[in-house]
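Report on the structure given below.
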Amino acid sequence: MIPPYPGPAPLVSDEGDDDVEQEEKSEDNPPSSKPEQDAPRGKEPRKSQSGSKRRASSQRRVDVEIQCRPTVHPDSDVGPRPASEVLPFTISEACALLPEFIAWEDLRPDVQWAMRTGLGYDQAVELMLADDAQHALFHRDSLCDMLATMMYRHKLDDTRWARYVPTAYYVMAEVLLES
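Be aware that the sequence shown starts at 1, since it is given in UniProt numbering, and climbs by one per residue.
Written out as structure tokens, the structure reads:
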């Protein structure tokens with residue numbers, strides 16, 4: 001009897017393909033001058049594929065190109081919502097406003113914040129797509145997190161309200177990305 005899920009299928013190889021693969025391997029990687037026949041089967045020493053030295057991932061520094069500002073960036077003096085100002089709706093109350101086929105986790109953070117101000121889903125999406133300053137709905141920390149994410153993903157031009165955010169908040173988002 002075959003179990004319902006037998007696990008991964010064994011690799012199937014043709015007899016004729018083994019010779020071709022061995023020839024390719026011998027051309028690309030000539031045998032070393034000291035073959036290691038003492039090692040038990042399956043316990044061969046590992047070789048680094050990336051080069052002669054191997055570093056821990058914490059030691060690597062990867063430079064990522066970010067989008068620092070939107071293409072169009074008019075001056076604005078409108079700041080974010082004060083941290084002392086509590087949002088009128090909790091997350092669970094805002095979730096109740098969602099259509100049944102949409103999950104809260106699937107929403108963009110800006111739409112989530114707009115819904116926590118009391119707007120319905122359709123109104124929140126429409127508001128976030130409008131070409132107007134909407135960042136006054138967000139607290140500063142959340143605004144900087146959203147900007148950092150959009151800068152990293154090169155989405156500042158796709159989000160129209162991001163054009164109207166004052167430069168100081170972009171600088172804060174850059175600091176978040178550097179750390």
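Even glycine gets a Cβ: it sits at the ideal position worked out from N, Cα and C.
- Counting only unbroken stretches of 4 or more residues, the alpha helix (DSSP H) elements lying wholly within the stretch 92-174 are 109-116, 121-129, 140-152, in sequence order.
- Taking C-beta atoms as the reference points, M128 and Y121 fail to come closer than 8 Å.
- When F138, V72, V125 are compared, the shortest CA-CA separation from V86 is found for F138.
- Pairing V78 with R163, the inter-Cα distance amounts to about 12 Å.
- In this structure, A148 lies away from L107, with their beta-carbon atoms at least 8 Å apart.
- By the CB criterion at 8 Å, C68 and M151 fall inside the cutoff.
- In terms of Cα proximity to C144, the closest of W161, D131, Y169, L97 is Y169.
- Listed in chain order, the non-local C-beta contacts of L98 below 7 Å within the same chain comprise W104, Y121, local neighbours out to five positions each way being set aside.
- Non-local C-beta neighbours of P70 in its own chain, meaning closer than 6 Å and more than five positions away in sequence, comprise L156, D157, A162, R163, ordered along the chain.
- 8 Å or more divides the Cβ of P166 from the Cβ of S84.
- In the DSSP secondary-structure assignment, R81 is bridged to H139.
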